[in-house]
Amino acid sequence: MKTQSNCSLEHSLFLRRRRRESIVVQLARFGLLIAVLGIWELIAGLKLVDPFIISSPSRIAVQIGKLAADGSLFYHIGVTLWETVAGFVIAVVLGTGIALALWWSERARRILEPYIVVLNSLPKIALGPVIIIWFGTGSSAIVFMTVLVGIIVAILHMLGGFMATDANKILLLQSMGASKVQMLRKLVLPSALPQFVGMLKICVGMAWIGSIMGEYIVSKAGLGYLIVYGGQVFKLDLVMAATVILCALAGAMYALVALAERILTKK
Amino acid sequence: MNEQTEKTVLEFDDVSLTYHTEKGETLAASHLQFAVREGEFIAVIGPSGCGKTTLLSLSAGLLSPSAGEVRLYGKPVERGNAHIGYMLQKDELFPWRTVEANITLPLEIRKCNTPARRAAARALAEKYGLGGFLKHYPDQLSGGMRQRAALIRTLAADPRMLLLDEPFSALDYQTRLNVCDDVYEIIRQEHKTAMLVTHDISEAISVADRVFVLSARPARVVAAHEIGFGEMKPLERRKDARFSAWFDRLWKELNL
Chain A
-13 MKTQSNCSLE HSLFLRRRRR ESIVVQLARF GLLIAVLGIW ELIAGLKLVD
37 PFIISSPSRI AVQIGKLAAD GSLFYHIGVT LWETVAGFVI AVVLGTGIAL
87 ALWWSERARR ILEPYIVVLN SLPKIALGPV IIIWFGTGSS AIVFMTVLVG
137 IIVAILHMLG GFMATDANKI LLLQSMGASK VQMLRKLVLP SALPQFVGML
187 KICVGMAWIG SIMGEYIVSK AGLGYLIVYG GQVFKLDLVM AATVILCALA
237 GAMYALVALA ERILTKK
Chain B
416 MNEQTEKTVL EFDDVSLTYH TEKGETLAAS HLQFAVREGE FIAVIGPSGC
466 GKTTLLSLSA GLLSPSAGEV RLYGKPVERG NAHIGYMLQK DELFPWRTVE
516 ANITLPLEIR KCNTPARRAA ARALAEKYGL GGFLKHYPDQ LSGGMRQRAA
566 LIRTLAADPR MLLLDEPFSA LDYQTRLNVC DDVYEIIRQE HKTAMLVTHD
616 ISEAISVADR VFVLSARPAR VVAAHEIGFG EMKPLERRKD ARFSAWFDRL
666 WKELNL
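Keeping their order, the protein sequence lines are chains A and B.
Each residue of the first sequence is one higher than the last, beginning at -13 in the working numbering.
Each residue of the second sequence is one higher than the last, beginning at 416 in the working numbering.
Spelled out as structure tokens, the structure:
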């Protein structure tokens, strides 16, 4: 609340210390990255380890440049991004919807509980062959895999949020004669907003796992395809380049969700 | 106390309630028989776990009696009855709503969210010192202010019978005495009938026209006392010589 002009000396010293500390953290973060890249480059450049085995930052950069030049970079990014985002959106929407239905009906909840538990524990990759047979080898198979990986987590997380609605607040609304729809709109949905945001964050990670896993099993394009292909023909530069791009994309998508969180939870 | 207060608002007619769980059944209330008159302030005390909250749930129609009948203005009470305003131990304000949106919540739920009713609710908030806080969020208010906002919310839909479930017990001692005074004043000024349950004997004496003493489970009304302080405010009552006499007497009855 206080402005800079009327704060005490002690407070301005405190602020200065805080600022200095955050500058140190920023510099150290950046320095760490530079150091790792530098050592990596050095080991490869001095042939301490064959760069054919470990690649190097400069070779990765050249590789990315080559992919960008022939246009295939954006094609592969586009394919993976589309699969991931489509799978993410479907998992979030469908998962939240199913969680709502389960909140609504205690009987449905009790009937479906063991199935959800089993599906949650099942490693989804075991369904790989089934998915290929059902959906073929195109993008739809990978989107399906992505949905599969994310949806159970989305359901369980949101159901947990809905069921944790404060019992006294429910009682309060009941005393006013609230219908179940009113209960949902006025209380259950708004109070589960933090869980929803948490679920979005988890599902971003799940969606990338799903899409890359899907591309490992079956694909003709995408970053996962590039990684698998690069591994098979022993082109470590390609594997590393695709991995670096993947890191950047996953980070960017997480940042988008964090932005959505700030907008959603702002009063 | 005057002629028109003889009208009965709430009536328990030989009410019993049994709770059922898979482990068995529990008789929670047994043959409750009493009437609350218009404008009366009733306090209900009883040993912990005796079913005080059950009594309120029955009054609000949230629970149906296993036997007997609960009547409000002569008719069996049903859930969501427009004459009932229920106030809980904690304020239960919704943190994502402003104070104003919180106090108009009952209007939304009861589908009477007209500009006139909203204006009346705002006027009530202004009258009782919340005018400057309407656009604030609950977490910006002190505990006492929050409880006052909860009371205004309870009053917003203009109920005639208030049910108060230990509404001060979550507050610290000093705040509790002040809020208790506040709530008493507001309920009197707005001419509401009220039934408050509490485990705090002195709180019961300081607000009530009549005190009902409940037995341990299954709850029965073992005594009903006219306290006879009239319109005296809670803090004045606490200073009165009769206060400690009542305290001793109720204390003994509770520990029988």
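Note that beta-carbon positions come from the ideal geometry of N, C-alpha and C, so glycine has one too.
Note that the structure is a prediction, hence the values are computed from the model and not measured.
For Glu421 (chain B), there is no enclosing alpha helix (DSSP H), as DSSP marks it with neither H nor E. Note on geometry: alpha-carbon atoms of Arg2 (chain A) and Phe16 (chain A) lie some 21 Å from one another. Of the residues B:Val628, B:Phe427, B:Met576, the one whose Cα lies closest to the Cα of Gly483 (chain B) is B:Phe427. In the DSSP assignment, Met502 (chain B) falls within the beta strand (DSSP E) that extends over 499 to 502. In the structure shown, Leu556 (chain B) falls within a coil segment according to DSSP collapsed to helix, strand and coil. From the beta-carbon of Leu86 (chain A), no residue of chain B is found nearer than 9 Å; the closest lies around 19 Å away. In this chain, Met131 (chain A) is not harboured by any beta strand (DSSP E); it is covered by the alpha helix (DSSP H) spanning 125 to 149.
When rounded, the separation of the alpha-carbon atoms in Gly217 (chain A) and Gly64 (chain A) is 21 Å. Listed in chain order, the non-local C-beta contacts of Gly464 (chain B) below 7 Å within the same chain comprise Arg632, local neighbours out to five positions each way being set aside. In this chain, the alpha helix (DSSP H) harbouring Glu99 (chain A) covers 92 to 107. Taking the C-beta atoms as reference points, Arg625 (chain B) is found no nearer than 7 Å to Ile460 (chain B). In the structure shown, Asp428 (chain B) adopts extended strand secondary structure according to DSSP, grouped into three states. In this structure, DSSP gives Ile460 (chain B) an extended state, which the three-state scheme calls strand. Taking a cut-off of 8 Å on C-beta distances, the region 480 to 497 of chain B does not touch the region 647 to 654 of chain B, as fewer than three cross pairs fall below it. In the DSSP assignment, Leu53 (chain A) is bridged to no other residue.
Counting C-beta atoms within 10 angstroms of its own C-beta, Tyr211 (chain A) has 16 or more neighbours from the protein chains shown and is therefore classed as buried. Annotation: Cβ neighbours of Ala475 (chain B) in chain A (cutoff 7 Å, chain order): Ser161.
Contact of Lys252 (chain A) with chain B is not assigned, every C-beta pair being separated by 7 Å or more. For Tyr501 (chain B), the closest C-alpha among the options B:Glu440, B:Asn670, B:Leu520, B:Arg532 is that of B:Leu520. About 30 Å separates the Cβ atoms of Gln12 (chain A) and Asp223 (chain A), ruling out a contact at the 8 Å cut-off.
Distance between Ala444 (chain B) and Gln160 (chain A), taken at the CA atoms: about 22 Å. Within the region 484 to 511 of chain B, those residues whose Cβ lies closer than 9 Å to any Cβ of chain A are, in chain order, Glu493, Arg494, Gly495, Asn496, Ala497, Ile499, Gly500, Tyr501, Met502, Leu503, Gln504, Lys505, Glu507, Phe509, Pro510, Trp511. Going by DSSP, Glu641 (chain B) is part of the beta strand (DSSP E) stretching over 636 to 641. The alpha helix (DSSP H) runs of length 4 or more contained entirely in the region 532 to 617 of chain B are, from start to end of the chain, 558 to 571, 588 to 604. Ala572 (chain B) is not a Cβ neighbour of Arg512 (chain B), given a cutoff of 7 Å.
Shown here, Glu484 (chain B) sits in a strand according to DSSP, grouped into three states. In the displayed model, Ser41 (chain A) falls within coil according to three-state DSSP, outside both helix and strand. Residue pairing by DSSP leaves Pro176 (chain A) without any beta bridge partner.
In chain order, Met162 make up the part of chain A whose C-beta sits under 7 Å from the C-beta of Pro521 (chain B).
For chain B, the residues of the region 162 to 177 of chain A that bring a beta carbon within less than 8 Å of one of its beta carbons are Met162, Gly163, Ala164, Gln168, Lys172, Leu173, Pro176, Ser177, in chain order.
Under DSSP, Pro491 (chain B) forms a beta bridge with B:Arg486. Sequence-ordered contacts of the region 139 to 160 of chain A with chain B read Asp152, Asn154, Lys155, Leu157, Leu158, Leu159, Gln160 [C-beta pairs closer than 9 Å]. Against chain A, the beta carbon of Ile460 (chain B) has no neighbour under 7 Å; the closest one sits roughly 21 Å away. Per DSSP, reduced to three states, the secondary structure at Ser445 (chain B) is strand. Scanning A:Lys166, A:Met162, A:Gly122 for the CA closest to the CA of Leu578 (chain B) turns up A:Met162.
Annotation for Leu242 (chain A): no beta strand (DSSP E) segment contains it, though the alpha helix (DSSP H) segment containing it runs 222 to 251.
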